[in-house]
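Letter by letter, the sequence shown follows residues 216 to 377 of my numbering. Here a beta-carbon is modelled for each residue, glycine too, at the ideal position from N, C-alpha and C. None of the values given here were measured: they were computed from a predicted structure. Taking it in order: structure first as structure tokens, then the write-up.
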Amino acid sequence: MGMRASFIAVDSEQIDRFMADPDALGDFVYGEDQAPPQHAMDVDKAWHAIHFVLNGSAEPGADDAAPVIFGGEPVGEEMDYGPVRVLQPAEVRALSATLAGIGAEDIRARFSSDRLAAAGIYPGVWTEPEEDLDYVLHNYREMAQFYAAAAQRGDGLLLYIA
Numbered sequence: 216m217g218m219r220a221s222f223i224a225v226d227s228e229q230i231d232r233f234m235a236d237p238d239a240l241g242d243f244v245y246g247e248d249q250a251p252p253q254h255a256m257d258v259d260k261a262w263h264a265i266h267f268v269l270n271g272s273a274e275p276g277a278d279d280a281a282p283v284i285f286g287g288e289p290v291g292e293e294m295d296y297g298p299v300r301v302l303q304p305a306e307v308r309a310l311s312a313t314l315a316g317i318g319a320e321d322i323r324a325r326f327s328s329d330r331l332a333a334a335g336i337y338p339g340v341w342t343e344p345e346e347d348l349d350y351v352l353h354n355y356r357e358m359a360q361f362y363a364a365a366a367q368r369g370d371g372l373l374l375y376i377a
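See the structure below:
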């Protein structure tokens with residue numbers, strides 16, 4: 216199955232509730248007895264490659280775009296591959312603006328299957344340069360649009376890898 220990075224847009228009221236009651240956050244994210252969140256998406260297994268292409272590093276860092284995948288305040292207990300993290304609406308707006316300045320040509324210029332493989336970027340199967348680029352670029356575009364829509368609504372985001 217593998218690790219997938221997921222994003223759920225939530226309003227400030229929901230964020231306040233989750234910060235006050237982390238158990239409610241776990242139920243919201245992983246609850247099987249409720250309707251799926253209205254505004255949610257994932258970038259499949261492209262999350263690590265997106266981070267690497269944006270930041271030039273496999274690890275979380277202090278670059279402007281680093282919080283796009285690894286940002287937010289951890290809330291609650293460890294789940295799957297770390298805790299759910301919360302980005303506040305102001306952070307989402309700032310990251311959306313950062314992503315708006317990074318277009319497809321920028322991603323193409325920064326992308327290299329060989330560099331992804333050498334850096335050990337998940338999922339570790341970077342052997343088809345054109346297909347790999349298409350996969351990463353498609354997921355990047357979807358994520359950037361999701362950030363833009365969340366910012367326009369004034370939402371924050373929940374980020375997690377499962």
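- Rounded to whole angstroms, ASP242 and PRO252 show a C-alpha spacing of 12 Å.
- Annotation: the continuous alpha helix (DSSP H) that includes PRO344 extends over 344-368.
- One Cα belongs to GLY318, the other to ASP349, and the distance between them is close to 14 Å.
- Under DSSP, the beta-bridge partners assigned to MET256 are PHE222.
- In the three-state reduction of the DSSP assignment, TYR296 falls in the coil class.
- In the three-state scheme derived from DSSP, where H, G and I count as helix and E and B as strand, GLU274 is classed as coil.
- A check of alpha carbon separations from GLY339 across ALA220, LYS260, GLN229 identifies LYS260 as the nearest.
- For the pair of segments examined, the segment 309-325 was found to touch the segment 353-364: the number of CB pairs separated by less than 8 Å reaches three.
- Nearest C-alpha to PHE222 among ARG300, ARG330, LEU331: ARG300.
- A contact between stretches requires three or more CB pairs, one per stretch, nearer than 8 Å, and the segment 267-287 meets this requirement with the segment 320-335.
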